[in-house]
Amino acid sequence: MVAVMLVFSLAGSAGHAQNFTDIKPSPQQVAWQDLEFGVLIHFGTNTF
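Numbered according to our numbering, the sequence shown spans residues 16 to 63.
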């Protein structure tokens, strides 16, 4: 059973690796990254 699941998982991942495309950010995303501004808000037990 485990061997069958392993074969199917490997067969499925091989198809995805062959269909790889070059992914680039959109111009809006690049403009946002050029702002060099970020915010991190974290509330935890040490906050209070």
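We treat Cβ as the ideally placed atom computed from N, Cα and C, and that holds for glycine.
Mapping the DSSP letters down to three states, classify Val54 as helix, strand or coil. Reading the sequence shown from its first residue, position 39 is the one you call residue 54. Residue state, collapsed to three classes: coil.
Simplified DSSP assignment, three categories, for Ser41: Position 26 of the sequence shown holds residue 41. Correct three-state label for Ser41: coil.
Determine the direct distance from the alpha carbon of Leu25 to that of Val17, and round the result to whole angstroms. As a first step, residue 17 must be located in the sequence shown, where it is residue number 2. As a first step, residue 25 must be located in the sequence shown, where it is residue number 10. Val17 and Leu25: Cα-Cα distance of roughly 12 Å.
Helix, strand or coil at Met20 [DSSP, three-state]: Here residue 20 is taken as the residue at index 5 of the sequence shown, counted from 1. It is helical.
Spell out whether any CB of chain D is found under 8 Å from the CB atom of Leu21. Of the chains in the structure shown, none is chain D; there is only one protein chain.
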